[in-house]
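So the structure is just underneath, and the comments pick up after that.
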């Protein structure tokens, strides 16, 4: 429902730079963010009723990788392919900043003298 939902950091969810960058960019883009525990039951129900639009994983090497679907208790749940998904938008913004293709309004880039 147009909300970026993420679990809080823990021993399984790292408090890393990529995660922080995604959340900061999402906030800057006006995307509603919720940080809270998420149950498997909630994810399955959202997939069934169509309110789950996308899922992605994030990390240093992959930046953002879309998840096409998931399985739970012998049932597969496919997620829709979206044009201009949050994952795609956020990945483009991050990589454009990384590769100096856009303005760095967050002050993340630093010039390194050789």
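Residue numbers (this note's numbering): 9 to 122.
The beta-carbon is built from N, C-alpha and C at its ideal position, and this holds for glycine as well.
Own chain, CB closer than 7 angstroms to residue 23, minus 5 neighbours either side, in chain order:
Mapped onto the chain shown, residue 23 falls at position 15. Short of 7 angstroms from the beta carbon of residue 23, and not among the five residues preceding or following it, lie these beta carbons of its own chain, in chain order: 17.
Assigned secondary structure, residue 24 (DSSP; H/G/I helix, E/B strand, else coil)
Walking along the chain shown from the start, residue 24 turns up at place 16. Of the three classes helix, strand and coil, the one that applies to residue 24 here is coil, per DSSP.
Identify whether residue 11 lies in helix, strand or coil by the three-state DSSP scheme.
Counting from one through the chain shown, the residue named residue 11 turns up at place 3. Strand.
Rank 73, 83, 117 by C-alpha distance to the C-alpha of residue 93 and give the top, closest one.
Numbered from 1 along the chain shown, position 85 holds the residue referred to as residue 93. In terms of Cα proximity to residue 93, the closest of 73, 83, 117 is 73.
Whose C-beta lies closer than 6 angstroms to the C-beta of residue 123 among residues of the same chain, with five residues either side of it excluded?
What the structure shows of the chain is the stretch from 9 to 122, and residue 123 is not part of that stretch, so it cannot be assessed.
Residues near residue 10 in its chain [Cβ-Cβ closer than 7 angstroms; skip 5 each side]
In the chain shown, counting from the first residue as 1, residue 10 sits at position 2. Short of 7 angstroms from the beta carbon of residue 10, and not among the five residues preceding or following it, lie these beta carbons of its own chain, in chain order: 40.
Test item: CB-CB of residue 90 and residue 60 under 8 angstroms
For this step, residue 90 is matched to residue 82 along the chain shown. For this step, residue 60 is matched to residue 52 along the chain shown. Going by C-beta atoms, residue 90 is not nearer than 8 angstroms to residue 60.
Close-in-space but distant-in-sequence residues of the same chain around residue 79 (CB under 6 angstroms, 5 per side omitted)
Here residue 79 refers to the residue found at position 71 of the chain shown. Nothing meets the Cβ criterion.
Could you please give the first and the last residue of the uninterrupted beta strand (DSSP E) stretch that includes residue 105?
Start at 1 with the first residue of the chain shown, and residue 105 comes out as number 97. The continuous stretches of beta strand (DSSP E) do not include residue 105, which lies in the alpha helix (DSSP H) extending over residues 94-106.
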